[in-house]
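Please read the structure below before turning to the comments.
Residue numbers (our numbering): 653 to 1052.
So this is what it looks like as structure tokens:
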């Protein structure tokens, strides 16, 4: 029943979006500061005629100028569609010449072949391999088959379910190469900008998936393009990855609320951002409850590549930096799979050195009396303290 309701909800979203002409629904929002306008990006169509949500979620663009928003949406939507087609691991598309596009889905379906790639996808895959190694394999770009095994069990509301067959999970985890050996399976040739996907005896058990980094990485590309309009904007993918920007000459503070994953209150906290990237992961959007004696375990979509199961050390984590949403998306996933808070902080510092970024963080852990919220000093400084802040927020973020 839960799978039916989940599928029905997705169909409703696609139908609502597809009924709106062009660049979808526009809405306006007015706070004490300034009026803003929002466009929701349209759906795209694969080569089999299926409607597909870009980045598999709702993507929206908010700006302070309605006319410029219209112009920017047209350009950003075209760019978004191009990137989605390349990174999509589930759907086939045709290129401009009418040939099948060499995207992630095509690579998965053609193992042992040398496949020329669009330079943009080649760069994205190269980045994924580097980040997997830097994260000690806690971010893994070959998690596609394992994710698919769990995906049909998850729902955005409380349901009870059972784990997949433990033997199947063990087999899939056993096929995952160590991060240091990824280049033996995902063989990238810089000179020819090509790939050879060689899963060996694990063919059928290994599938490339960039889901843990795609939203943020692609938002980075769109944001670079949108800066040419010299107008404040907020780019939001699924309310879990977002980029805010405003020109230095006319800065705008975007007020962002982080939803409470336990549901005991509307939001955990809020903070202000003039320009930067944000990524949030949480366990309350794609999950199920597993009965374990008198206890109920929460199984969610952020899987530990080392075990094949999700961990329950965190309820949510939010990261903020000056840019590089793709890096933040990967890191928020990685932190979910680290139990010790000191080791989490060490991983954050490692990523700061890699990306040459200062990363603010906040996470909440389960505790006997609800949730334990931990904020970095710099995130605490961003935090909004006001009795009226729920009425002045431009966006509420959650982890997808």
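Think of the CB as a built atom: it goes at the ideal place given N, C-alpha and C, for glycine as much as any other residue.
In this text, all values refer to a predicted model and were calculated from it rather than measured experimentally.
Item                                                                                                                            : Value
Whether residue 1036 touches residue 922 by CB criterion (8 Å)                                                                  : yes
C-alpha gap between residue 856 and residue 821, whole angstroms                                                                : 14 Å
Cβ shell of residue 769 (< 7 Å), same chain only, five flanking positions each side left out                                    : 754, 845, 846, 847
Residue range of the beta strand (DSSP E) that includes residue 1013                                                            : 1012-1019
Nearest to residue 743 (by Cα), restricted to the options 700, 919, 726                                                         : 700
Cβ pair residue 1047, residue 908 closer than 8 Å                                                                               : yes
Within 8 Å, strictly: CB atoms of residue 981 and residue 877                                                                   : no
Limits of the unbroken alpha helix (DSSP H) element including residue 988                                                       : 977-988
Residue(s) in a DSSP beta bridge with residue 950                                                                               : 941
Residue 747 to residue 964 span [Cα, whole Å]                                                                                   : 42 Å
Cα-Cα separation, residue 683 to residue 900                                                                                    : Interpretation of residue 683 is limited by its pLDDT of 49, a score under 50 that renders its predicted location unreliable; the figure taken from the coordinates is listed afterwards. Distance between the alpha carbons of residue 683 and residue 900 is about 21 Å.
6 Å Cβ shell around residue 881 - same chain, five flanking residues per side excluded                                          : 720, 724
Contiguous alpha helix (DSSP H) assignments of at least 4 residues, all confined to the region 779-825                          : 796-803
Residue 892, DSSP secondary structure in three states                                                                           : coil
Residue 833 in three-state terms, based on DSSP                                                                                 : helix
Contact set for residue 905: own chain, Cβ-Cβ below 6 Å, skip 5 residues either direction                                       : 924, 926
Inter-residue spacing [alpha-carbon to alpha-carbon] between residue 794 and residue 707                                        : 18 Å
Buried/exposed call for residue 833, threshold 16 Cβ in 10 Å                                                                    : exposed
Near the ligand MN: residue 740 beta-carbon under 7 Å from a heavy atom                                                         : Ligands are entirely absent from the displayed structure, and the ligand MN is therefore not among its contents.
Length of the line joining the Cα atoms of residue 730 and residue 738                                                          : 13 Å
Minimum C-alpha distance to residue 712 - residue among 761, 697, 732                                                           : 732
Presumed contact (8 Å Cβ cut-off) between residue 689 and residue 718, rounded CB distance                                      : 5 Å
Own chain, CB closer than 6 Å to residue 932, minus 5 neighbours either side, in chain order                                    : 892, 970, 1049, 1051
Three-pair Cβ contact test at 8 Å for the region 802-819 versus the region 761-768                                              : no
Residue 1049 (DSSP reduced to helix, strand or coil)                                                                            : strand
Residue range of the unbroken alpha helix (DSSP H) whose run includes residue 1034                                              : 1029-1034
Bridge partner(s) assigned by DSSP for residue 839                                                                              : 848
Local conformation of residue 1037 per DSSP, three classes                                                                      : coil
Ordered list of beta strand (DSSP E) runs contained in the region 853-899, each at least 3 residues                             : 885-889, 893-897
Validate contact between the region 942-950 and the region 991-1003 using beta carbons, cut 8 Å, 3 pairs                        : no
Paired residues, beta bridge with residue 768 - DSSP                                                                            : 846
Whether residue 929 touches residue 954 by CB criterion (8 Å)                                                                   : no
Cut-off 7 Å between Cβ atoms - residues of its own chain near residue 879, not counting five sequence neighbours on either side : 897
Residue 1019 burial status per 10 Å Cβ neighbour count (16 or more: buried)                                                     : exposed
Counted within 10 angstroms of its Cβ, other Cβ atoms place residue 842 as buried (16 or more) or exposed                       : exposed
Those residues which DSSP pairs with residue 922 across a bridge                                                                : 909
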